[in-house]
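Right, one structure below, let's go through it.
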Amino acid sequence: MNDSSGQPFEEACDKFVTWLDSRVVAAGRGDGLERLEVDPSRTFWLGRLACEDEVRTGANDERSERLDPCAIGIRLRPAEGAPWSMTVTVRARAWVKDPKEGSPDPDRRWWRTGLVEEEIPVVVGADGGFFGGKLLQDAFAAVGAPGLTAEIRVDVEDWHREPELVVQLVNTSPIKAPGLSDSHLYETQLEVTGVLTVPFQLEALPDSFRYDRNVPAYGINVGVDVLAPGIFRTSDTVSVQTHRPDYWNSRRSEPDMSFAALAADPIPELTALVDALTEYDDEHWSTTALDTRHATENWTSAMRAEADKSAAEIFAERDRLLAGLELLRTRPEILRSFQLMNQAIALSAEGRGYRAWRPFQVGFLLSAIRFLAEPGAEAKYVDTVWFATGGGKTETYLGLLLTAAFFDRLTGKRMGVTAWSRFPLRLLSLQQTQRFADALAGAEMVRWDQNDLKRTSPFSLGFLVGQAGTPNKIVPKPEGDEIGPDSSGMPDKYRVLLHCPFCRDENLTMKFDRQRWKLEHHCMNPQCPWGQRALPMYIVDQEVFRFLPTVVVGTLDKAASISLQQAMRGLVGPPQKLCSVEWHGFTYATRRATPNGCLVPGCQGTLKPLPMPEDRFGPSLRLQDELHLLRDSLGAVDSHYESLLDHLQDRLCGTRAKIVASSATLTGYDRQTEVLYRREGRVFPQPGPHAGESFWTVRKAQKLRRFVAVAPRGVTLEHVSDRTLDALQSCIRELKDYPATVCADAGIDRAHVKGLVSLYGTDVVYGSTLYDVEAAGRSLASNNTVDGINVEQLTGQTDFDEVRDILERLEKPEEKFEDRIHVIAASSMLSHGVDVDRLNTMVMLGLPLTTAEFIQTTARVGRRYPGLVYVLHKIGRERDAQTFRHFDKYVSQGDRFVDAIPITRRSRRVLALTIPGVVAARTLMIREPASKQRLSTPAMLRQYVRDTGLTPAEEAATVASVLGLDGAEDALHQEQIMEWVRDWFADLEDTASTAKYINDLGDPSPMRSLRDVEAQAPIHD
Ligand SMILES: [Zn+2]
Ligand SMILES: [Zn+2]
299 MNDSSGQPFE
309 EACDKFVTWL
319 DSRVVAAGRG
329 DGLERLEVDP
339 SRTFWLGRLA
349 CEDEVRTGAN
359 DERSERLDPC
369 AIGIRLRPAE
379 GAPWSMTVTV
389 RARAWVKDPK
399 EGSPDPDRRW
409 WRTGLVEEEI
419 PVVVGADGGF
429 FGGKLLQDAF
439 AAVGAPGLTA
449 EIRVDVEDWH
459 REPELVVQLV
469 NTSPIKAPGL
479 SDSHLYETQL
489 EVTGVLTVPF
499 QLEALPDSFR
509 YDRNVPAYGI
519 NVGVDVLAPG
529 IFRTSDTVSV
539 QTHRPDYWNS
549 RRSEPDMSFA
559 ALAADPIPEL
569 TALVDALTEY
579 DDEHWSTTAL
589 DTRHATENWT
599 SAMRAEADKS
609 AAEIFAERDR
619 LLAGLELLRT
629 RPEILRSFQL
639 MNQAIALSAE
649 GRGYRAWRPF
659 QVGFLLSAIR
669 FLAEPGAEAK
679 YVDTVWFATG
689 GGKTETYLGL
699 LLTAAFFDRL
709 TGKRMGVTAW
719 SRFPLRLLSL
729 QQTQRFADAL
739 AGAEMVRWDQ
749 NDLKRTSPFS
759 LGFLVGQAGT
769 PNKIVPKPEG
779 DEIGPDSSGM
789 PDKYRVLLHC
799 PFCRDENLTM
809 KFDRQRWKLE
819 HHCMNPQCPW
829 GQRALPMYIV
839 DQEVFRFLPT
849 VVVGTLDKAA
859 SISLQQAMRG
869 LVGPPQKLCS
879 VEWHGFTYAT
889 RRATPNGCLV
899 PGCQGTLKPL
909 PMPEDRFGPS
919 LRLQDELHLL
929 RDSLGAVDSH
939 YESLLDHLQD
949 RLCGTRAKIV
959 ASSATLTGYD
969 RQTEVLYRRE
979 GRVFPQPGPH
989 AGESFWTVRK
999 AQKLRRFVAV
1009 APRGVTLEHV
1019 SDRTLDALQS
1029 CIRELKDYPA
1039 TVCADAGIDR
1049 AHVKGLVSLY
1059 GTDVVYGSTL
1069 YDVEAAGRSL
1079 ASNNTVDGIN
1089 VEQLTGQTDF
1099 DEVRDILERL
1109 EKPEEKFEDR
1119 IHVIAASSML
1129 SHGVDVDRLN
1139 TMVMLGLPLT
1149 TAEFIQTTAR
1159 VGRRYPGLVY
1169 VLHKIGRERD
1179 AQTFRHFDKY
1189 VSQGDRFVDA
1199 IPITRRSRRV
1209 LALTIPGVVA
1219 ARTLMIREPA
1229 SKQRLSTPAM
1239 LRQYVRDTGL
1249 TPAEEAATVA
1259 SVLGLDGAED
1269 ALHQEQIMEW
1279 VRDWFADLED
1289 TASTAKYIND
1299 LGDPSPMRSL
1309 RDVEAQAPIH
1319 D
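Mind the numbering: the sequence shown is residues 299 to 1319 in the numbering used here, read in order.
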């Protein structure tokens, strides 16, 4: 969007963001207004000070003081001993109400006084003191607000051994006095000059050798700007600017990481990459390098120990890259898989403006590729991709996944699932799914040209999310909430793809093919390279089982189905047979509705043997997105189901899937992966020698996001959110309607107006709870000065097709501004995979529960252009108040504030829920196929158990070992398992039992979804 005018668009965005922020802050303070109709204390939320008496007679606790404070201040550490002398400058205004009679403007009787600005000389000893009271009193009287008083209070605190000076402006006005209409001060500001100070040191955390720990001063109820050394001024908000990362940080020139180069001849480029890494690591992590920093930066021995530990991990990481490179050199089929993958990614990226990897993405691929050569040894590790800065996660996954898919094909796995990729939310984003589909379509087109792969199955995608999004199955005669070919909304309602993955045409049609019994996406472009057949995309659970697509994307909770449906077996091992009717696919256990095991209703086909060895059916990879969300009860339950999946694949194929995850946090990932997967955790990339800087990333000048912390005073958070959104919307309309004025004011070239209106015309208001989100949406609609604000909601409750429409409207806004979406009220649903370049302003209602959520959510704005994020603190809450105090560090060193993930696999409450699933899955997936008969009813299973002589003790011991609860310290857990299994056997043996199906045996029944537990409820061992 650059223009001949000369001003780069990027710069226009930056200036516009600055202007927007100044306007929002002005709206909060009341700057520039002359008169008001309403009481100013019910309107403004910044810069105001209540009077001390009022705060004292109120609830009189720290919390209410924060909600409507009577003082602002600056805390400093003087460099020298008492006495201290300084100049304190106070700025403030007042609002005065005209009497009923004789107001020059009877409709707007409140008027704003002139500015009070006083320089107060202060000399203070160890006892502190009061200053400037009389001066300020006279100054307020002089501007027309007699009765208002204020003073400077200096306290000296020395409980940290070294003295600290607390300089405050306190509103000492009386609550009521003759002629005094409002005892608040407005637009207050405090400035301290002339005192020599030393910085505070943030308390040392384990990895603090990476961080700048200096804090020049702390604000009290405000932020502090350091205007020049020794000059401190309060600010009503705390602004922190972040910058975009660059992905090459070496003095060597960047190797060609384009898909084309790596598809053609990757070894020279990869060698150059690893050489540059080696040089960087030696320069920053060698003993000599650390010795130097140790001495010059005054490290403690604990900091040095941390640095030594980090260095060891850095060199281990480099060794993994070297090993990966060596494999590409020596193993032709691995090299070819890597090349084909690059060809495929090149195709899928065509026309999207990128043609190359970022170096760290290739670094990850190199570090992980060894699992192809040594799957058994490498399955012991969970490789976690850590994305603290910027995107590219999904593409990195896709690179690994396509490499594995090609490798599978080249080594005899001609069909079946290569990877099962799971997302922790119920609503996997459609955009994310589309990217998987695009990559697989690229791979499919590449496959057509490979002579030795032509006869393997097409690369395809399965979408396994279940009832909330797409049907589990389609039945001929639906009952209850079942879905049939003619159910309402069929088939259009279930469209998942946004465009054709082969040709990008958006003209897709949904069809239900009765003959093939398939719910299909069709591309209507006559030139589509895929042709007029159904696209290779399966969105009904049963179709996923019938066709076992190359990649299955889905939600985490679907793992529960492994204990409920025999046909889930295709996701951990071989199906049973293949139906003779070509388009019916794989078959599973026989049931009443599927008498021959084929899942197509009324199938008359016969069963053919599997066309591939059974042990190749197990997936090579399981991917877990957003690992850090697997915590508390959800994490505990999932840890048991992960073990169950491992157990089943081991029994059915003798293999273990490699697990790859992504996480927004590093804190405690090693323990988390140990608990979840019983594997060792490894993370890529290792953090660099300095915060925000490593071989893989370095900050550049380009601006990313401006974070603005707001501590609302005296009014509700909802009021502030409404007013902020209102100000943002009125600004964008002003730009549209009066471009000349705004451009002159903000320093923007007029050529950029259209672009800015599009990029900054939709604001996000984000709430951590559904309640907050809905309230924000409602309140804005009824409480704004700007007319016609179109609000839409994006939450977990928003219907699937509505989400799709909203995303489409955001991506391709209506021509007329009035018709567009102006505000999106969103919950955490937004934080996962919604990538819209047009979202650049956000208002956050209170800090989210976790720092990880804060990082992820705010990353939704400013993806390509400078973003602006207002973080409205719920300042009454201790955590929000603390964060406000060190907001700068919270944003710039956010990863350090991420809490370790609370998780355990030893919760007995959770165990009570998961035992039934383990026993049921073992029956469905192992016992039933082994028995070569149907074991779906208690009578059949009873007979089988008798025939095989299975005992409760034997089954209980297996369950305990599957769940990793077979140690000496787990005696209680073993007892609990034994008890449940014994009851289950008793039920089974009870011929008078009313149980109709095997899952009626025992209590409770297997979980239907991993979400059956309260996701965030804390649990204990
Ligand atoms: Zn097409
Ligand atoms: Zn069939």
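Glycine is no exception: its CB is placed at the ideal position from the N, C-alpha and C atoms.
Proximity below 8 angstroms, CB of residue i to CB of residue j
| i | j | result |
| --- | --- | --- |
| residue 322 | residue 1026 | yes |
| residue 1286 | residue 1243 | yes |
| residue 1105 | residue 729 | yes |
| residue 491 | residue 529 | yes |
| residue 369 | residue 484 | no |
| residue 982 | residue 681 | yes |
| residue 1059 | residue 1030 | yes |
| residue 1250 | residue 1283 | yes |
| residue 472 | residue 497 | no |
| residue 892 | residue 905 | no |
| residue 1199 | residue 970 | yes |
| residue 1055 | residue 1115 | yes |
| residue 462 | residue 373 | yes |
| residue 695 | residue 921 | yes |
| residue 1015 | residue 1144 | yes |
| residue 290 | residue 1161 | Examination of residue 290 is not possible in this model, given that the chain is present from 299 through 1319 alone. |
| residue 1225 | residue 1233 | yes |
| residue 411 | residue 388 | no |
| residue 1005 | residue 524 | no |
Residue i burial status per 10 Å Cβ neighbour count (16 or more: buried)
| i | result |
| --- | --- |
| residue 1253 | buried |
| residue 1044 | buried |
| residue 687 | In this prediction, residue 687 has a pLDDT of 49, which is less than 50 and means its spatial position is unreliable; nothing more can be read from the coordinates. |
| residue 834 | buried |
| residue 314 | buried |
| residue 310 | buried |
| residue 1001 | buried |
| residue 1036 | exposed |
| residue 409 | buried |
| residue 825 | exposed |
| residue 1315 | With a pLDDT of 41 at residue 1315, under the threshold of 50, the predicted position of this residue should be treated as unreliable, and no value is reported. |
| residue 512 | exposed |
| residue 239 | The displayed coordinates of the chain run from 299 to 1319. Any statement about residue 239 would go beyond what the structure contains. |
| residue 866 | buried |
Contact test: residue i Cβ vs ligand 1 heavy atom, cutoff 7 angstroms
| i | result |
| --- | --- |
| residue 746 | no |
| residue 951 | no |
task = Taking 6 angstroms as the limit, tell me which residues put their C-beta closer than that to any heavy atom of ligand 2, in chain order.
result = 877, 879, 882, 896, 898, 901 and 903
ask   = Do the region 735 to 744 and the region 694 to 714 touch if we need at least three Cβ pairs shorter than 8 angstroms?
value = yes
request  = Please list, following the chain, all residues that have a C-beta closer than 6 angstroms to any non-hydrogen atom of ligand 1.
outcome  = 798, 800, 801, 803, 821, 823, 826 and 828
key: contact_flag[the region 1209 to 1229, the region 919 to 939] where n(CB pairs < 8 angstroms) is 3 or more   = yes
ask   = Counting pairs of beta carbons, one from the region 471 to 478 and one from the region 506 to 524, are three or more of them closer than 8 angstroms?
value = no
ask   = Counting pairs of Cβ atoms below 8 angstroms between the region 555 to 563 and the region 573 to 582, do you hit three or more?
value = no
Given 8 angstroms, three or more beta-carbon pairs between the region 1049 to 1064 and the region 1133 to 1140 = yes
key: At least three beta-carbon pairs within less than 8 angstroms, the region 987 to 1004 to the region 960 to 976   = no
inquiry  = When you compare the region 1180 to 1189 with the region 900 to 919, are there three or more beta-carbon pairs, one atom per stretch, that lie closer than 8 angstroms?
reply    = no
key: Three CB pairs or more closer than 8 angstroms across the region 607 to 623 and the region 709 to 723   = no
ask   = Is there contact here, the region 927 to 934 with the region 659 to 669, by at least three beta-carbon pairs under 8 angstroms?
value = no
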